[in-house]
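Numbering-wise (the numbering used here), the sequence shown opens with residue 4 and increments by one.
In this text, a Cβ means the ideal position worked out from N, Cα and C, and glycines have one as well.
Quick caveat, the model's predicted, so the values are computed rather than measured.
Single-structure report; data block below.
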Amino acid sequence: MSIGALDTDAVESYREAGEILVETMTEAREMIEPGVTQLEVAEYAEDAIREAGAGLAFPVNISTDEAASHATPARDDDTEFGEEMVCLDIGVHVDGYIADAAVTVDYTGHGDMVAAAEDALAAAVAAVGPGVDTGDVGREIEAAIDDYGYTPILNLTGHGVERYDAHTGPSIPNRAVDRGVELEVGDVIAIEPFATDGRGKVGEGATEEIYEQVGDGSVRDRRARQVMEELAAFDDLPFAARWLDSSRAAMALRTLKNADIIKGYPVLKEADGQLISQAEHTMIVTEDGCEVTTAGIHDFD
């Protein structure tokens, strides 16, 4: 069945990607506990997605405490989970059609912060439909988080999802705005509220393990050329440095970045160093509301 501008094949691929994500997320989140390494969880989830016949829309993100996004383990990372807040963000694609979702696992005693993000997501999903302004969706998110005494992350937003592009328009704000964009039947969007006990803004950290090809060109460095050959396998989607087979990949990545062939995604951190929780779903806007393609990972689903 087609939905708006989406034909039947596209809709079914979005649904299949969502099903694979839900199964992977359910298993991976159960692994998160003190003593287990972040790399174990990331590689388990990524391998499970590949074994299911799907692709990775982006590297598995594992963001802890004040980190909000773009955190993924390095190749030799032996960091273990501790008594911290862990946001697990997974992206799956089937033939380029993407599912993007996130959950938070808490070992800090701030379960209400997790609930704030989840309730905000539930309120946002309930508000989605054709003709709805994204600013009104943001208003629902902000109100739900405010009810818990927390603050939404103001400079992070939800986003549109298109084939082979996990982050397109429209932007879905995490606060009320006077004028957003009217949603239409067939729009595919990912809504992701973030709640914090900090000021509600993030900035770039120093760590960078995720990259994306943004241009073409030639470089003289042999190792950089080897990495460029590997980039074709990623379908212009973000990739992790640890996925590369090339020796001394870090140096090659710097060369390609300086040549504007790739860009990096620094880890984003809460400006005050405070905790952040996250909840996310992907959905298709339908005639009577929306179809959540990643349903089954949050308590309200």
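CB residue i to CB residue j, shorter than 8 Å?
i             : j              : result
valine 184    : isoleucine 287 : no
alanine 104   : methionine 34  : no
isoleucine 52 : leucine 59     : yes
glutamate 187 : glycine 7      : yes
alanine 20    : alanine 31     : no
alanine 198   : alanine 119    : yes
glutamine 216 : aspartate 181  : no
threonine 75  : cysteine 90    : no
aspartate 224 : glutamine 277  : no
asparagine 24 : alanine 102    : A small fix is needed here, since residue 24 is leucine in this sequence, not asparagine. Against a cut-off of 8 Å, the Cβ pair of alanine 102 and leucine 24 comes out as a contact.
histidine 73  : tyrosine 268   : yes
Would you kindly work out how many angstroms separate the C-alpha atoms of residue i and residue j, rounded to a whole number?
i             : j              : result
glutamate 283 : alanine 244    : 25 Å
arginine 142  : aspartate 302  : 22 Å
aspartate 275 : threonine 11   : 46 Å
valine 131    : proline 173    : 13 Å
alanine 235   : tyrosine 153   : 42 Å
glutamine 229 : glutamate 86   : 40 Å
alanine 16    : alanine 57     : Note that residue 16 is serine in the sequence shown, not alanine. C-alpha separation (whole angstroms): 10 Å.
aspartate 50  : proline 62     : 11 Å
valine 295    : threonine 285  : 6 Å
glutamate 22  : threonine 297  : 7 Å
tyrosine 110  : alanine 262    : 42 Å
threonine 137 : threonine 289  : 15 Å
arginine 327  : tryptophan 246 : The structure shown does not extend to residue 327, since the chain is modelled only from 4 through 304, so no value can be given for it.
alanine 253   : proline 241    : 16 Å
threonine 258 : aspartate 139  : 44 Å
leucine 256   : glutamate 233  : 12 Å
glutamate 212 : isoleucine 279 : 20 Å
glutamate 69  : methionine 116 : 13 Å
aspartate 92  : alanine 45     : 10 Å
glutamate 36  : aspartate 122  : 24 Å
With which residues is residue i paired in a DSSP beta bridge?
i             : result
valine 131    : Its beta-bridge partners do not exist; DSSP assigns none.
tyrosine 268  : Ile213
tyrosine 100  : Val97
leucine 9     : Ile6
aspartate 109 : Met88
glycine 38    : The partner list for glycine 38 (beta bridge, DSSP) is empty, contrary to what the question assumes.
histidine 170 : Histidine 170 pairs with nothing; no bridge assigned.
valine 288    : Cys293
alanine 70    : Lys272
Counting only beta-carbon atoms, is residue i nearer than 8 Å to chain B?
i              : result
asparagine 261 : In the structure shown, chain B does not exist; there is a single protein chain.
Where does residue i land, buried or exposed, given buried means 16+ other C-beta within 10 angstroms?
i             : result
arginine 178  : buried
asparagine 64 : buried
methionine 4  : exposed
valine 226    : Inspection of the sequence shows that residue 226 is occupied by arginine rather than by valine. Buried: at least 16 other Cβ atoms inside 10 Å.
glycine 114   : exposed
serine 221    : exposed
glycine 38    : exposed
alanine 209   : exposed
alanine 129   : exposed
glycine 112   : exposed
threonine 82  : exposed
glutamate 273 : buried
aspartate 2   : There is no way to answer for residue 2, as the model of the chain reaches only from 4 to 304.
glycine 134   : exposed
What whole-angstrom Cβ distance do residue i and residue j have, given they're in contact under 8 Å?
i              : j              : result
isoleucine 175 : isoleucine 194 : 5 Å
glycine 94     : alanine 169    : 6 Å
glutamate 207  : leucine 271    : 6 Å
isoleucine 3   : glycine 218    : No information on residue 3 is available, as it lies outside the stretch 4 to 304 that the chain covers here.
glycine 161    : threonine 171  : Not confirmed; about 11 Å, so no contact.
alanine 127    : isoleucine 148 : The pair is not a contact, with the Cβ atoms about 11 Å apart (cut-off 8 Å).
Can you determine whether any heavy atom of the ligand SAH sits closer than 7 Å to the C-beta of residue i, and answer yes or no?
i             : result
glutamate 207 : With respect to the ligand SAH, the structure shown offers nothing to examine, as it has no ligands at all.
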